[in-house]
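Residue 85 in this note's numbering sits at position 19 of the sequence shown; the count goes up by one each step and never skips. Everything on this sheet refers to the single structure shown next.
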Amino acid sequence: MAVNAIDQTRRMLSLVTYLRERPGAHVSDVARAFGITEDELISDLDVLPMCGTSFRGGDLLDIDTDGDRIWWHNPDDVAEPLRLAADEATALLVAARAVATLPGLRESDRQALLRATAKLEAAAGEAAGASSRLSVTFESEGGVFADVDRAISERRRLWLRYYSPARDELTEREVDPIRLFAVGHTYMEAWCRLSEARRTFRLDRVAEIKLLDAPAAPPELELRDLSAGLVQPSADDPEVVVEVGPGGRWVAEYYPHDSAEELPDGGLRITIRTPAPASLRRLALRLGRDGRITAPQDLAENARRAAREALAAYDSDDAQRQD
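What follows is the structure, encoded as structure tokens:
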């Protein structure tokens, strides 16, 4: 069964209580108790030391593992009653009110958040008044996340307008969402009705999203192991080297790569491993003067030839229009 981001957060909160009561717990036992793999548990444990009652070092959870057992070194320190400073109370109230306005948020979660906010306002006193004069507006990805999370919870299909950087175009499609996950960016894994295959969608590339009444019915699929990253090229896949100027640095963000070496002019030398090197010819055409393929040699020449042919066709069309 797919686990969404909110379910993972709830699990991690339960994990804190579980570990407090079981010092030195074995990794295998904890993973079995929570119904997750040991790799998933270790991933949670990597996040927990960044959590606490504040961002000061002594207030963070001092939790570590040797791979066999889990140790929490400061449970008594972080379990002391929380006392919020005025700035902390203001920040928390502003954030809570902003989250409560997210489209697609489950109504039960919204009501629980509003009840907690009211209690916090009563306890914060004057700080609550200061927070009411501040507001936060989430970027579009926040709304997309909420809609996807709701679709997963309610098992409903989604309609998307999605930007594909490989084809440099917007496509419309219906998908059955499977799960949300984060690997650098936030992604949705879903069964795509357009391609009739499993696809991964980056939320910040969703131009428009609608929750449909049709039930989501993705086929039974084994969830991919993402512990080694989203894209895991084979060691046998050929390497393609792309050199880009400052205007082409976006390639390092949009394309998974083995390395990105800084160049003196502010550009990058990017090494990409792919089973289909020819698929990167379109990238070279998009880059134009902002970049070029330098290796392998046959692909570099093929890309240059395609660019010359495209330019010749453009010049021919322009001459005909002038005639």
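Virtual Cβ for every residue (Gly too), placed ideally from N, Cα, C.
Inset, instruction - Could you pull out every unbroken beta strand (DSSP E) segment of at least 3 residues lying fully inside the stretch 291-352, listed in chain order? - result: Segments of the beta strand (DSSP E) lying fully in the stretch 291-352: 305-310, 325-328 and 334-339.
Inset, instruction - Determine which residues share a DSSP beta bridge with His-92 and list them. - result: Mapped onto the sequence shown, residue 92 falls at position 26. Paired residues: Arg-135.
Inset, instruction - Below 8 Å on the Cβ atoms is my guess for Gly-357 versus Asp-331; work out the distance and round it to an integer in Å. - result: Translated into positions along the sequence shown, residue 357 becomes position 291. Translated into positions along the sequence shown, residue 331 becomes position 265. With 8 Å as the limit, Gly-357 and Asp-331 do not qualify as a contact, their Cβ atoms being about 12 Å apart.
Inset, instruction - For Arg-355, count neighbouring C-beta atoms within 10 Å of its own C-beta (all shown protein chains included) and say buried if the count is 16 or more, exposed if not. - result: The sequence position of residue 355 within the sequence shown is 289, counting from 1. Exposed is the call here.
Inset, instruction - Spell out the partners DSSP gives Arg-222 in its beta bridges. - result: Counting from one through the sequence shown, the residue named residue 222 turns up at place 156. Paired residues: Pro-281.
Legend entry - Between the CA atoms of Ala-256 and Phe-204 - distance to the nearest angstrom: As a position in the sequence shown, residue 204 is number 138, starting the count at 1. As a position in the sequence shown, residue 256 is number 190, starting the count at 1. Model confidence at Phe-204 stands at a pLDDT of 49, short of 50, so the residue's coordinates are unreliable and nothing is read from them.
Inset, instruction - Grab me the residues of Ser-80's own chain with a C-beta within less than 8 Å of its C-beta, minus the 5 sequence neighbours each way, in chain order. - result: Position 14 of the sequence shown holds residue 80. So the list reads Phe-100, once near-sequence residues are dropped.
Inset, instruction - Could you tell me which residues DSSP puts in a beta bridge with Ser-230? - result: Position 164 of the sequence shown, counted from the first residue, corresponds to residue 230. Ser-230 pairs with Glu-235.
Legend entry - Residue nearest to Arg-227 in terms of C-alpha spacing, selected from Ser-219, Arg-239, Ile-218 and Glu-87: In the sequence shown, the residue the question calls residue 227 occupies position 161. Residue Arg-239 is the option with its Cα nearest to Arg-227.
Inset, instruction - Report the three-state DSSP secondary structure of Arg-259 (helix, strand or coil). - result: Residue mapping note: residue 259 aligns to position 193 of the sequence shown, counting from 1. The answer is coil: DSSP assigns Arg-259 none of H, G, I, E or B.
Inset, instruction - Measure the alpha-carbon distance for Thr-252 versus Val-210 and round it to whole angstroms. - result: Taking the sequence shown and counting its residues from 1, one reaches residue 252 at position 186. Taking the sequence shown and counting its residues from 1, one reaches residue 210 at position 144. Pairing Thr-252 with Val-210, the inter-Cα distance amounts to about 10 Å.
Inset, instruction - Using beta-carbon positions only, say whether Arg-222 and Leu-278 come within less than 8 Å of one another. - result: The residue given as residue 222 occupies position 156 in the sequence shown. The residue given as residue 278 occupies position 212 in the sequence shown. Yes, they are a contact pair.
Inset, instruction - Report the option in Glu-286, Ser-345 and Ile-129 whose CA atom is closest to the CA atom of Cys-117. - result: As a first step, residue 117 is located in the sequence shown; it is residue number 51 there, counting from the start. Closest in alpha carbon position to Cys-117, among Glu-286, Ser-345 and Ile-129, is Ile-129.
Legend entry - According to DSSP, residues forming a beta bridge with Ala-361: In the sequence shown, the residue the question calls residue 361 occupies position 295. Partner(s): Val-307.
Inset, instruction - May I ask you to list the residues that DSSP assigns as paired with Thr-266? - result: Numbered from its first residue, the sequence shown carries residue 266 at position 200. Answer is Glu-255.
Inset, instruction - Over the uninterrupted alpha helix (DSSP H) stretch that includes Ile-108, give me the two end residues. - result: Translated into the one-based positions of the sequence shown, residue 108 becomes position 42. Where Ile-108 is concerned, the enclosing alpha helix (DSSP H) stretches over 104-113.
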